[in-house]
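Asker: After the structure tokens below, expect a handful of questions from me.
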Amino acid sequence: AFSAYITHFSFWDIARYTASDVHPPLYYWLLKIWSDLFGTTELAYRSLSILFGTAAMTVAFFLSRKLFGRKVAWLSLLFLALSPMLIRYSDEARMYTLAALIVMSATYLMVKAEETKKRKYWIWYGVFVSLGMWTHYFTALAWLAHWVWHASQSWRKGSTFKELWKKTFSREWV
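Next up, the structure:
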């Protein structure tokens with residue numbers, strides 16, 4: 014009900030209202046655009062979360078395939094499709110599936126950036142980190158986990174403490 018209610022305001026009013034709320038405005042802005050395009054029925058509001066949940070499963074499939082291979086990717090897709098939590102949040106007009114999509118996408122980009130050493134992937138990673146913070150503040154926990162993973166990868170490669178410090182607090186991460 015809250016998500017449907019807030020879409021009746023202007024973008025500026027949504028930003029002002031959510032400034033004193035626990036949730037940032039990105040999802041509500043996207044929901045406003047979505048409801049302007051597809052209507053204000055309950056199905057229209059909830060369908061955006063279904064779209065984000067489906068997209069999150071797709072990104073998780075590609076991430077799993079990149080990290081663990083094809084069999085694990087299909088298994089992870091099956092588990093996500095049957096996940097009670099993802100099913101529940103895909104049915105709610107709330108930002109949780111968008112946050113899942115952003116975190117999955119950022120994780121994929123981080124792995125790709127580590128693998129290729131290309132700056133463009135770090136830039137896109139930063140964009141997704143920002144989008145995550147504009148979606149739900151708990152995405153910061155994922156960014157912290159990414160940072161720890163990045164540090165552990167440097168440590169496992171036999172870096173000295175000085176090299177580890179330099180890589181962990183590099184421009185890409187700061």
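Heads up, the working numbering is the position in the sequence shown plus 13, with the first residue counted as 1. Glycine included, each C-beta is placed from N, C-alpha and C at the ideal position. Just so we're clear, the structure is a prediction, and the values are computed from it rather than from any experiment.
(1) Do Phe74 and Ser60 come within 8 Å of each other at the CB atom, strictly closer than that value?
(2) Going by the CB atoms, is the gap between Tyr30 and Ile19 shorter than 8 Å?
(3) So does the stretch 154-161 actually touch the stretch 107-121, counting three or more Cβ pairs closer than 8 Å?
(4) Does the beta-carbon of Val85 have 16 or more other beta-carbons within 10 angstroms, so that it is buried, or is it exposed?
(5) Thinking Leu114 and Phe81 are a contact (beta carbons under 8 Å), I'd like their distance in whole angstroms, please.
(6) Our contact map puts Tyr189 next to Pro37 with C-beta atoms below 8 Å; I'd like the distance itself, whole angstroms only.
(7) So, Thr148 versus Tyr40, is the Cβ gap smaller than 8 Å?
(8) Is it buried or exposed, Ser33, if we count other Cβ atoms within 10 angstroms and call 16 or more buried?
Answerer: The structure says:
(1) If you check the CB distance, Ser60 and Phe74 do not come in under 8 Å.
(2) Yes, Cβ-Cβ distance for Ile19 and Tyr30 is below 8 Å.
(3) Yes: at least three Cβ pairs fall under 8 Å.
(4) So Val85 counts as exposed.
(5) Their Cβ separation, rounded to whole angstroms, is 20 Å, which puts Leu114 and Phe81 out of contact at 8 Å.
(6) A question about residue 189 goes unanswered here, because the residues of the chain that appear run from 14 up to 187.
(7) Contact annotation: Thr148 and Tyr40 have beta-carbon atoms nearer than 8 Å.
(8) The residue in question, Ser33, is exposed, as its Cβ has fewer than 16 Cβ neighbours within 10 Å.
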